[in-house]
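This report concerns only the one structure given below.
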Amino acid sequence: MQPNLREVAVNNVKMGSNVTLYQPANLYGCTLQDDVFIGPFVEIQAYTVIGRGTKVQSHTFICEYVSIGEDCFIGHGVMFANDMFRDGKPNADRESWARITLGNNISIGSGATILAVNICDGAVVGAGSVVTKDITQKGIYAGNPARLLRLL
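Okay, here's the thing in structure tokens:
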């Protein structure tokens, strides 16, 4: 029996000027503004916007309904998740999924997990951290769950 094979693709993506996209990558229904860099093995899903000058490193997964501001750095292997499995299983109703919003000039360290939160301009999230609550002050955050280490 043969599996149902599907190829990675760049499909229905709105792109600004000077976008760099390394393949393989799986992007669909998203928007990449000017001067965005996308590393290899990245998936960016529908209704997501990546702001001007933002860099997304390899092996990162950005789910639906994420807005990332300008001049951000997203490290290797960062995971975004907005279906919180509130009923103990995946929620098929996409419209009910939370939105994730990152401001401008944010740095997210490799291996971090960003749940259904908002992160203010200028925040830094340490490698391997799990962000479970909104970040409202410019500072350095780390740990599981991520907590403020110091203000910037």
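When we follow this note's numbering, the leftmost residue of the sequence shown carries the number 48, and every step to the right adds one.
A virtual CB, placed ideally from N, CA and C, is assigned to each residue, including glycine.
Subject >> Beta-carbon contacts of residue 126 that lie in its chain and below 8 Å, excluding the five residues immediately before and after >> reply: Taking the sequence shown and counting its residues from 1, the one referred to as residue 126 is at position 79. Counting only Cβ-Cβ distances below 8 Å, and skipping sequence neighbours, we find 107, 108, 159, 160 and 161.
Subject >> residue 171 and residue 154 closer than 8 Å at C-beta >> reply: If you number the sequence shown from 1, residue 171 lands on position 124. If you number the sequence shown from 1, residue 154 lands on position 107. Contact flag set, yes.
Subject >> Three-state secondary structure assigned by DSSP to residue 99 >> reply: Your numbering for residue 99 matches position 52 in the sequence shown. DSSP places residue 99 in coil when its eight states are reduced to three.
Subject >> Whole-Å CB distance - residue 110 paired with residue 149, under 8 Å assumed >> reply: Within the sequence shown, the letter at position 63 stands for residue 110. Within the sequence shown, the letter at position 102 stands for residue 149. Contact flag wrong, Cβ pair sits at about 13 Å.
Subject >> Residues that DSSP places opposite residue 147 in a beta bridge >> reply: Along the sequence shown, read from residue 1 onward, the residue named residue 147 stands at position 100. Answer by DSSP bridge pairing, in chain order: 113.
**OP:** Output the distance between the C-alpha atoms of residue 49 and residue 56, rounded to the nearest integer angstrom.
**Re:** Walking along the sequence shown from the start, residue 49 turns up at place 2. Walking along the sequence shown from the start, residue 56 turns up at place 9. Rounded to the nearest angstrom, the gap between the Cα atoms of residue 49 and residue 56 is 21 Å.
Subject >> Start-to-end residues for the beta strand (DSSP E) that takes in residue 198 >> reply: The count along the sequence shown starts at 1 and reaches residue 198 at position 151. For residue 198, the uninterrupted beta strand (DSSP E) run begins and ends at 194-198, by DSSP.
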